[in-house]
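Be aware that the sequence shown starts at 3, since it is given in the working numbering, and climbs by one per residue.
Don't be surprised by glycine CBs; every beta carbon is placed ideally from N, CA and C.
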Amino acid sequence: MNEVKFSCNNCSLCCRFKGGVVLLSKEDLCRLAKWAELTEEQFIKVYCQWLKNADGKEYLCLKTLHTPKETDDCIFWDSSIPGCQCYNARPVQCSTYPFWTKILADKNSWNKEKQHCPGINEGEVHPKEEIEKELNKYKERIPVTRN
């Protein structure tokens, strides 16, 4: 796509409710552990889980918190802010949203994401160069796996 309109309106829909899985790269883990003032091993024990994907590999992900309203909020989403506790150290997956491969696949995919993100097709115009920069960050991250 040559350009898209997007402005985050801080609704937190990308951080809350069902379906969200945040995969962590080694760089994400390092940055988050430093932010939390923990070793990487300690950070994994407190804030992470291993999830098996269809490819049979287990991926390191942030935990979600099951809430009384039947939602699965990211472990770092804080209703008292409201927002992300680790915003300045957040994973690349989070910081590059909505500039992800499947969302940018075509105009239909981009428009369909509007169901999940009210900032799609609203506000600031992002040129092709910026979109590609964010998309490359997203594509180049390598999720931590085991086995």
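Note to self: Classify D30: buried if its beta carbon has 16 or more other beta carbons within 10 angstroms, exposed otherwise.
What the structure shows: Flag for D30 reads buried.
Item to check | Sequence-distant residues of the same chain with beta carbon closer than 8 Å to K104, five excluded per side | outcome: Taken in chain order, the residues that qualify are S111.
Notebook entry, point to check: Any idea what DSSP makes of F8, helix, strand or coil?
Noted result: Here F8 sits in strand by DSSP.
* Asked: Just how far apart, CA to CA, sit F19 and P129?
  -> Distance between the alpha carbons of F19 and P129 is about 30 Å.
Is the number of C-beta pairs between the region 127-144 and the region 4-16 that are closer than 8 Å three or more?
Under the 8 Å Cβ criterion, the region 127-144 counts as touching the region 4-16, having at least three qualifying pairs.
Can you give the Cα-Cα distance for K54 and W102, rounded to whole angstroms? When the Cα atoms are used, K54 and W102 turn out to be separated by approximately 21 Å.
Taking the DSSP output, what are the residues bridged to L25? DSSP, once it has assigned bridges, lists C63 as partnering L25.
My output table needs one value for I46: the three-state DSSP class, helix, strand or coil. DSSP, reduced to helix, strand and coil, places I46 within a helical segment of the structure shown.
> Nearest to L62 by alpha carbon, out of I144, V94, L26 and H118?
Replying inline: Taking only the C-alpha atoms, the option nearest L62 is L26.
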